[in-house]
Amino acid sequence: MKNVLTIAMPKGRIFEEAAELLRKAGYRLPPELDESRKLIIDVPEEELRFILAKPMDVATYVEHGVADVGIAGKDVLLEEERDVYELLDLKISTCYLAVAGMPDTKMNDVAPRVATKYPNVAEAYFREQGEQVEIIKLNGSIELAPLIGLSDRIVDIVSTGRTLKENGLVEYERIEDVTSRLIVNPVSYRLKDSLIDDLVARLHQVVSTEEF
Amino acid sequence: MSRLFMFEKPLGMRDTLPELLEKKHRVRSSIAETMKLWGYQFIETPTLEYYETVGAASAIGDAQLFKLLDKEGHTLVLRPEMTTPIARVAAAKLLNEDLPVRLAYSANVYRAQQREGGRPAEFEQIGVEYINDKTISCDGEVIALLISSLKKAGLQQFQVSVGHVGFAQELFMQILGTNGRATALRKFLFEKNYVGYRENVQSLNLSSIDKQRLLKLLQLRGGEEVIGQALEIIENDKGKQAILEIQELWKVIKDYGVEAHVKFDFSIVSHMSYYTGILFEVYAGNVGFPIGNGGRYSLLEKFGKNATATGFAVRTDMLLEALGGGKTETVTHCIFYSQERRREAFQLAKKLHEEGKQAVLQDITGVKNPDAFTKKFAETTFLIGGGQ
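Listed in order, the protein sequences are those of chains A and B. This note's numbering puts the first residue of the first sequence at 1, with every later residue one more than the last. This note's numbering puts the first residue of the second sequence at 213, with every later residue one more than the last.
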């Protein structure tokens, strides 16, 4: 396995964009790559192995070294604070983290509550604003929380803003822009340096005209 | 608080069962033998130290320390690493003659668990501290000993990546002028966030040459050739000094003949904030975390001695993981006996023990299922029943 690079990929929407990027970078990936239900896909002709993971878990696989590299959203990296190298902004799956809530509402003075999938990001953000809030962790459909009175605000990723709008919510503050990043395990970064440098250089050519 | 089940252990604590322990012993003793051959003397220090002294001097963050109170109300810590306790002893007792001191240790250290599994809260480190010799030969010896020890333990594929704390620091000073202006870059480097680092460099009001130099830092990882590349971008004296030290170190390492295991990486920043010069990490295939690390530090100053030292620590658990499976074959002989032939059995066992062979004596009436029990041994002898 010494010369095989294991890549942890997020399942779902980001996967297709990421696979497309790799193809543009000259990696010959089989066309059925995206359709398989398998969780481990070997591409022996390119000496690559793909692991399909939940987007939120990609950084975990990479930190523990079971994947050499991974493609993870900046939102995941901010939330998880894993010990991995963040080498390249792939500029795909663009969105941003934002604070939203019901229009024209103020946060509860006594116990302001924030529902989110990103408890660490939310807590750090409100602390920087000089506010102590109570975090309620949810795993999805975060928009529901202010609608039914579970929380005053939510912290979530927003891509088009349509979900917020359709549920009658408004954005209050923008926290940080999010794109997918190429992340690397610190040990792989040293032991598989030439494979990784090659991957980074090829992807960089595709995503940016800027000097490296 | 939920009621504990009887099988539970505190978070992050592990048992070591006989088979693994056997392997651990073997690895530990082969490394210890090497260290002793190189003239390092083993020492032990207490498991508990004062929070105010060792706890505060240690580079391990407060949140990771196990703390408790003694009767006087002093806060105690379970030692989070061995370098600081050894610096304490050395500064207090071992440096009176102002000579180089070579010490070694193998000890359990404790770091409170903060996350999921895969990170034990108690683990063994085996390492050395070479104190009060400021030559590069000292750094070289420590790295060569590290490599020699790992080889002796049976590890074949590994790499030591060597960097220098002074290089990035001086490059930032040269280009940005003050420590304050370098804070953001240093933070990005520490967090391994190269995307943020590059964005920050591009946003600074600097000449394109200086931007190039700051970006080049991220690429200074590889073989001997990166030393020259590093020298090209550094202009101030202290920075050049760092590179000269690395050059000298490379010569020392080549003279030891261990250069095949060494690479350079000027972007290494350690979480151990006490390093002041050369520093290094060790990586082995199939383990996702560094199996060891080390470097030059001035920790002794915190204990009132003006001396520096270089040391390394290898995590025994990570090393065992890197060494992988491979069942340890110990040929054990089991002698089953009944009362009538007990004396004969004991004599046989004594003979085997004298030959240095493992032999277990088992009264046959003490085993409920002799067939299953027999399978645990490579050889068995039955001395049962009356006469021969």
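Beta carbons are placed, not taken as given, at the ideal position from N, Cα and C, and that holds for glycine.
Query: Interface flag, residue 500 (chain B) vs chain A, CB-CB below 7 Å; Result: yes
Query: Distance cut-off 6 Å: residue 424 (chain B) Cβ against heavy atoms of the ligand NAD; Result: With respect to the ligand NAD, the structure offers nothing, as it holds no ligand at all.
Query: Where residue 559 (chain B) meets chain A, residues with beta-carbon distance less than 9 Å; Result: Those do not exist, as residue 559 (chain B) stays about 53 Å from chain A at its closest Cβ, beyond 9 Å.
Query: Secondary structure of residue 36 (chain A), DSSP reduced to three states; Result: coil
Query: Minimum Cβ-Cβ distance from residue 89 (chain A) to chain B less than 7 Å; Result: yes
Query: Coarse secondary structure for residue 107 (chain A), derived from DSSP in three states; Result: coil
Query: Nearest residue (CA-CA) to residue 223 (chain B), options B:586, B:323 and B:537; Result: B:323
Query: Bridge-paired residues (DSSP) for residue 468 (chain B); Result: Beta-bridge pairing links residue 468 (chain B) to no other residue.
Query: C-alpha distance - residue 158 (chain B) paired with residue 294 (chain B), whole-angstrom precision; Result: Residue 158 (chain B) is absent from the structure shown; chain B starts at 213 and stops at 600.
Query: Segment contact, 8 Å Cβ cut-off, at least three pairs: the region 446–454 of chain B with the region 340–354 of chain B; Result: no
Query: Contact the region 431–439 of chain B vs the region 404–415 of chain B: 3+ CB pairs below 8 Å; Result: no
Query: Reference residue 509 (chain B), options B:478, B:338, B:354 and B:597, closest by Cα; Result: B:354
Query: Assigned exposure category for residue 60 (chain A) - 16 Cβ within 10 Å defines buried; Result: buried
Query: Below-7 Å beta-carbon distance, residue 64 (chain A) vs any chain B residue; Result: yes
Query: Assigned secondary structure, residue 157 (chain A) (DSSP; H/G/I helix, E/B strand, else coil); Result: strand
Query: Buried versus exposed, by CB contacts within 10 Å (16 or more), residue 141 (chain A); Result: exposed
Query: Contacts of residue 398 (chain B) in chain A (Cβ-Cβ under 9 Å); Result: Going along chain A, no residue has its Cβ under 9 Å from residue 398 (chain B), so there is no contact; the nearest lies around 16 Å.
Query: Residues in the region 351–377 of chain B having any Cβ partner in chain A nearer than 7 Å; Result: 371 and 373
Query: Where the alpha helix (DSSP H) through residue 181 (chain B) begins and ends; Result: There is simply no residue 181 (chain B) to check, as chain B begins at 213 and stops at 600 in what is shown.
Query: Neighbour-count burial assignment, residue 600 (chain B), 16 or more Cβ in a 10 Å radius; Result: Any reading at residue 600 (chain B) must be qualified, since the residue scores a pLDDT of 49, below 50, and its modelled position is unreliable; the value itself is stated next. Exposed is the call here.
Query: For residue 590 (chain B), the three-state DSSP class (helix, strand or coil); Result: coil
Query: Closest by C-alpha distance to residue 461 (chain B), when choosing among B:506, B:350 and B:416; Result: B:350
Query: Neighbour list for residue 477 (chain B) in chain A, Cβ cutoff strictly below 8 Å; Result: 190
Query: Chain B within 7 Å of residue 86 (chain A), Cβ atoms only; Result: yes
Query: Close beta carbons around residue 397 (chain B), own chain, < 8 Å, minus the five adjacent residues each side; Result: 384, 388, 409, 412, 413 and 426
Query: Neighbouring residues, chain E, relative to residue 153 (chain A) (Cβ below 7 Å); Result: Among the chains of the structure shown, chain E does not appear; the protein chains present are A and B.
Query: Cβ contact check for the region 144–162 of chain A and the region 49–69 of chain A: 3 or more pairs under 8 Å; Result: no
Query: Residue 110 (chain A) versus A:128, A:94, A:89 and A:133, residue with shortest Cα-Cα distance; Result: A:133
Query: Any 3 or more C-beta pairs closer than 8 Å across the region 15–27 of chain A and the region 94–104 of chain A; Result: no
Query: Amino acids of chain B, ordered along the chain, whose beta-carbon sits closer than 8 Å to that of residue 181 (chain A); Result: 407
Query: Run of the beta strand (DSSP E) containing residue 544 (chain B), from where it starts to where it stops; Result: 544–549
Query: Endpoints, beta strand (DSSP E) assigned at residue 373 (chain B); Result: 370–376
Query: CA-to-CA distance, residue 554 (chain B) to residue 547 (chain B), given in whole angstroms; Result: 10 Å
Query: Reduced DSSP secondary structure (H/G/I, E/B, other) of residue 570 (chain B); Result: strand
Query: Any chain B beta carbon closer than 7 Å to residue 185 (chain A); Result: yes
Query: Buried versus exposed, by CB contacts within 10 Å (16 or more), residue 297 (chain B); Result: buried
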